[in-house]
DNA sequence: CTACTATGCAACAAAATGTTCTATAGGAGG
DNA sequence: CCTCCTATAGAACATTTTGTTGCATAGTAG
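Chains as they are written, first to last, in the working numbering: chain X, 16 to 208; chain D, 16 to 208.
#1: Would you identify the three-state DSSP class for residue 41(X), choosing helix, strand or coil?
#2: With 7 Å as the limit, tell me which residues of the segment 126–148 of chain D have their beta carbon closer than that to any beta carbon of chain X; keep them in chain order.
#3: Which residues, in chain order, does the segment 43–65 of chain X contribute to contact with chain D at a C-beta distance below 8 Å?
#4: Roughly how many whole angstroms lie between the Cα atoms of residue 157(X) and residue 42(X)?
#5: Indicate whether residue 144(D) and residue 198(D) have their beta-carbon atoms separated by less than 8 Å.
#6: Look up residue 91(X) in the DSSP assignment and say whether it is helix, strand or coil.
#7: Is residue 75(X) helix, strand or coil by DSSP?
#8: Skipping 5 residues on each side, what residues in its chain have a beta carbon closer than 8 Å to that of residue 53(X)?
#9: Report the rounded CA-to-CA distance for residue 85(X) versus residue 96(X), giving the unit in angstroms.
#10: Could you check how far apart the C-beta atoms of residue 63(X) and residue 30(X) are, in whole angstroms? I think they sit under 8 Å.
#11: Rank 125(X), 114(X), 178(X) by C-alpha distance to the C-alpha of residue 115(D) and give the top, closest one.
#12: Considering only the alpha carbon of each residue, which of 49(D), 108(D), 71(D) lies closest to residue 179(D)?
#13: Taking the C-alpha atoms as reference points, what is the distance between residue 94(D) and residue 195(D)?
#14: Below 6 Å CB to CB, which residues in the same chain sit around residue 87(X) once its five sequence neighbours on both sides are set aside?
#15: Would residue 34(D) pass as an interface residue toward chain X - the criterion being a Cβ-Cβ separation below 8 Å?
#16: Determine the burial state of residue 214(X): buried for a count of at least 16 other Cβ atoms within 10 Å of its Cβ, exposed for fewer.
#17: Pick helix, strand or coil for residue 164(D), following the three-state DSSP scheme.
#18: Is any beta-carbon of chain X found at less than 8 Å from that of residue 193(D)?
#19: In its own chain, which residues sit with a C-beta less than 8 Å from the C-beta of residue 98(X), not counting the 5 before and 5 after it?
#20: Measure the C-alpha to C-alpha separation of residue 159(X) and residue 151(X) and round it to an integer number of angstroms.
#21: If you draw a straight line from the C-alpha of residue 92(D) to the C-alpha of residue 153(D), how long is it?
#22: Closest to residue 72(X) by C-alpha separation, out of 44(X), 142(X), 55(X), would be which residue?
#23: Mark residue 127(X) as exposed unless 16 or more other C-beta atoms lie within 10 angstroms of its C-beta, in which case mark it buried.
#24: Does chain D have any CB closer than 8 Å to the CB of residue 70(X)?
#25: If you follow the alpha helix (DSSP H) that residue 57(X) is part of, which residue opens it and which one closes it?
#26: Can you give me the C-alpha to C-alpha distance between residue 139(X) and residue 133(X), rounded to a whole angstrom?
#27: Starting from residue 86(X), follow the alpha helix (DSSP H) in both directions and report where the run begins and ends.
#28: Does the beta carbon of residue 40(D) come closer than 8 Å to any beta carbon on chain X?
#29: Report the neighbours of residue 122(X) on chain D: residues whose CB is nearer than 7 Å to its CB, in chain order.
#30: Just reading off the alpha helix (DSSP H) that residue 182(X) is part of, what are its end residues?
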């Protein structure tokens, strides 16, 4: 019992348009009417797929906010693994739709339970990746088990997001190098706790 | 030529209500209709004060997006100064309108130049405070001059904002103690650069 | 007391937001 | 090719939101 290809086609076309509107004009402008005008899909069809504006916006959000699931590289030295993983994360913030809509998801999350789920799930995934990198380093004996890994993970991810969403400072290779260097030196100087 | 007190009164009452709506329900719900219902001000009067929805939202925004200035304490040991300053910052995030509104300012900043100015100015101020704390510690010889102060400042502030705006994790005394401890141990282990 | 003006209210216009019906066209299975 | 099923477009419609205007009233300044 396969799904009708027409369902899939309209859903895809509608969400493509919704995503573009979301990125270009903000969540306020993601409506059935706007999507209908941007595509050749009638409003009634859109309402059949998403009963109200909220569900349409949620769908558009989820479309972009679904993490591409990065399998972390855990074989090299800690610095190399971290550099690679955070490089991918930084690239996503700089060059993907996720980076563009992240501020709006953050805002929506402050009043909307659904958006909050989107972002916390997304972050859980990111944290797991970074944690795997540190865990591997501990297994290799590269760092000791008593480094405050949880705090390091938080700092590792918080910094690029903070720079992007709040400071509007450049997220470039040079900055990332220094960031990773600092994280590694903390991990290896083993501040204990 | 003084301003008619009726103008002042309605403006204040309207913005009070708008602020509450903004914090409780999000920027989407800040409309002339909603404010009118929340107060005893007629819609037509509201439209006379703010010609459209955008100007009303902007006004509500600016009302609370002006953060209080914190003069840093720079006399005690580094840990104590940092703990105090970040404690104030954390308190503001937890318990003031600014903390509730920050996510929406962040979102607005992604499309609105004015909001971006508000937040970057605010951050510049915060960074200066933290920098003063580190500078004093260097002057006292408590830490050496070659610690990567800029990165530490960024991490110091990024972490609480990240936790509050993105992770929705608790910002409590216990977390802050660990955060400050880690920052101090980094500064004192002097990872160089 | 008089002139002025902000307000509330109601009536209205325009646009956005949902709903429902019907005809049509596309797809599934024989 | 033929038939049944279903998703769609389009229009007609009801409802709500958004913005405008005219007027009587009440508060304010002088």
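No residue lacks a Cβ here, since even glycine has one placed at the ideal position from N, Cα and C.
Let me lay it out:
#1: DSSP places residue 41(X) in coil when its eight states are reduced to three.
#2: Within the segment 126–148 of chain D, the residues whose Cβ lies closer than 7 Å to some Cβ of chain X are 126, 131, 134, 135, 138, listed in chain order.
#3: For the segment 43–65 of chain X, the residues whose beta carbon sits under 8 Å from a beta carbon of chain D are, in order, 43.
#4: Rounded to the nearest angstrom, the two C-alpha atoms are 46 Å apart.
#5: It is not a contact, given that the beta carbons lie outside the stated cut-off.
#6: DSSP places residue 91(X) in coil when its eight states are reduced to three.
#7: For residue 75(X), the secondary structure class from DSSP, reduced to helix, strand or coil, is helix.
#8: The residues 32, 35, 36, in chain order, have a CB closer than 8 Å to that of residue 53(X) in the same chain once the five nearest residues on each side in sequence are set aside.
#9: Their backbone Cα atoms lie some 12 Å apart in a straight line.
#10: With a Cβ gap of about 14 Å, residue 63(X) and residue 30(X) do not count as contacting.
#11: Considering only alpha carbons, the answer is 125(X).
#12: Closest by alpha carbon: 108(D).
#13: Rounded to whole angstroms, residue 94(D) to residue 195(D) spans 7 Å at the Cα level.
#14: Cβ-Cβ distances below 6 Å link residue 87(X) to 100, 144, 147, 148 in the same chain, with the five nearest sequence neighbours on each side left out; the list follows chain order.
#15: For residue 34(D), the closest Cβ of chain X is not nearer than 8 Å.
#16: No statement about residue 214(X) is possible, as the shown extent of chain X runs from 16 to 208 and does not include it.
#17: Three-state DSSP puts residue 164(D) in a helix.
#18: Yes - at least one Cβ of chain X is within 8 Å of the one on residue 193(D).
#19: Its chain contains 191, 192, 195 as the residues whose beta carbon lies nearer than 8 Å to that of residue 98(X), once the 5 sequence neighbours on both sides are disregarded; these appear in chain order.
#20: In a straight line, the C-alpha of residue 159(X) is about 11 Å away from that of residue 151(X).
#21: For residue 92(D) and residue 153(D), the distance between alpha carbons rounds to 11 Å.
#22: For residue 72(X), the nearest C-alpha among the options comes from 44(X).
#23: Buried is the call here.
#24: No, because no Cβ of chain D sits closer than 8 Å to the Cβ of residue 70(X).
#25: Following the DSSP letters along the chain, one finds residue 57(X) in no alpha helix (DSSP H), marked with neither H nor E.
#26: So the alpha carbons of these two residues sit roughly 10 Å apart.
#27: Taken as a continuous stretch (DSSP letters only), residue 86(X) belongs to no alpha helix (DSSP H), as it is neither H nor E.
#28: It does: the Cβ of residue 40(D) has a partner Cβ on chain X nearer than 8 Å.
#29: Here the neighbours are 118, 119, 121, 122.
#30: In the DSSP assignment, residue 182(X) falls outside any alpha helix (DSSP H), carrying neither H nor E.
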